Amino acid sequence: MKCTLYMLNLNNPVARGTAILSDQKGQTIHEVPLQDDCYRVSVDEVVKGAAFLPYEAGDMRTVEDALGSFVAWPKNLIKIIDHQVPNPTANGKGEEHSATQAKEEHSADQVKEKKRCNTITGSPVTRSKAKANKADKLRKKRKLVV
1 MKCTLYMLNL NNPVARGTAI LSDQKGQTIH EVPLQDDCYR VSVDEVVKGA AFLPYEAGDM
61 RTVEDALGSF VAWPKNLIKI IDHQVPNPTA NGKGEEHSAT QAKEEHSADQ VKEKKRCNTI
121 TGSPVTRSKA KANKADKLRK KRKLVV
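All residue numbers for the sequence shown refer to full-length UniProt numbering, where the first residue is 1 and numbers rise by one.
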């Protein structure tokens with residue numbers, strides 16, 4: 001869920017991000033257990049870079065350090081901005097769908113991207129198939145020449 005992250009009170013925004021709303025026990029962030037009064041948050045945009053994080057995370061001390069990373073953020077200092085994720089491809093009208101659907105689509109996109117990268121870089125399976133195809137073409141060519 002898209003959110004605004006605050007420090008001290010809800011009048012002091014320091015960043016915008018994406019909160020992972022889960023009450024699952026035993027979660028960790030940077031090998032530190034996530035406290036019950038916190039959500040896992042990705043810092044997507046910095047408003048006040050020099051602001052200190054509510055909880056240190058590894059080498060990260062400030063909001064600017066945490067840009068692009070996940071950190072623990074107190075639930076009472078998070079304001080959810082958008083409960084729905086716009087779907088620009090749905091009938092071209094920007095219809096909305098749930099965050100779960102967006103997450104599923106994102107996972108599918110990641111799988112497609114991984115397959116595309118394997119095709120470009122040539123994973124062992126792709127390379128062996130390419131070699132087999134090349135060998136078949138050479139055999140066919142030789143048959144035509146003889």
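Glycine residues also receive a C-beta, built at the ideal position from the N, C-alpha and C atoms.
Please read all numbers here as calculations on a predicted model, not as lab measurements.
Using the beta-carbon count (16 or more within 10 Å), is residue i buried or exposed?
i: residue 32; result: exposed
i: residue 15; result: buried
i: residue 80; result: exposed
i: residue 50; result: exposed
i: residue 68; result: exposed
i: residue 8; result: exposed
What number of angstroms, rounded off, separates the C-alpha of residue i from the C-alpha of residue j?
i: residue 45; j: residue 136; result: 53 Å
i: residue 13; j: residue 3; result: 10 Å
i: residue 22; j: residue 39; result: 7 Å
i: residue 20; j: residue 1; result: 7 Å
i: residue 63; j: residue 24; result: 25 Å
i: residue 73; j: residue 66; result: 12 Å
i: residue 57; j: residue 82; result: 26 Å
i: residue 6; j: residue 41; result: 12 Å
i: residue 153; j: residue 139; result: Residue 153 lies beyond the range of the chain shown here (1 to 146); nothing can be said about it.
i: residue 11; j: residue 70; result: 23 Å
i: residue 53; j: residue 27; result: 19 Å
i: residue 75; j: residue 37; result: 6 Å
i: residue 34; j: residue 55; result: 10 Å
Give me the DSSP bridge partner(s) of residue i.
i: residue 32; result: 29
i: residue 16; result: 4, 45
i: residue 51; result: Looking at the DSSP assignment, residue 51 forms no beta bridge with any residue, so it has no partner.
i: residue 82; result: 2
Within the continuous alpha helix (DSSP H) that includes residue i, where are the two ends?
i: residue 65; result: 63–66
Is residue i helix, strand or coil by DSSP?
i: residue 77; result: helix
i: residue 23; result: coil
i: residue 37; result: coil
Could you give the residue range of the beta strand (DSSP E) that holds residue i?
i: residue 5; result: 2–6
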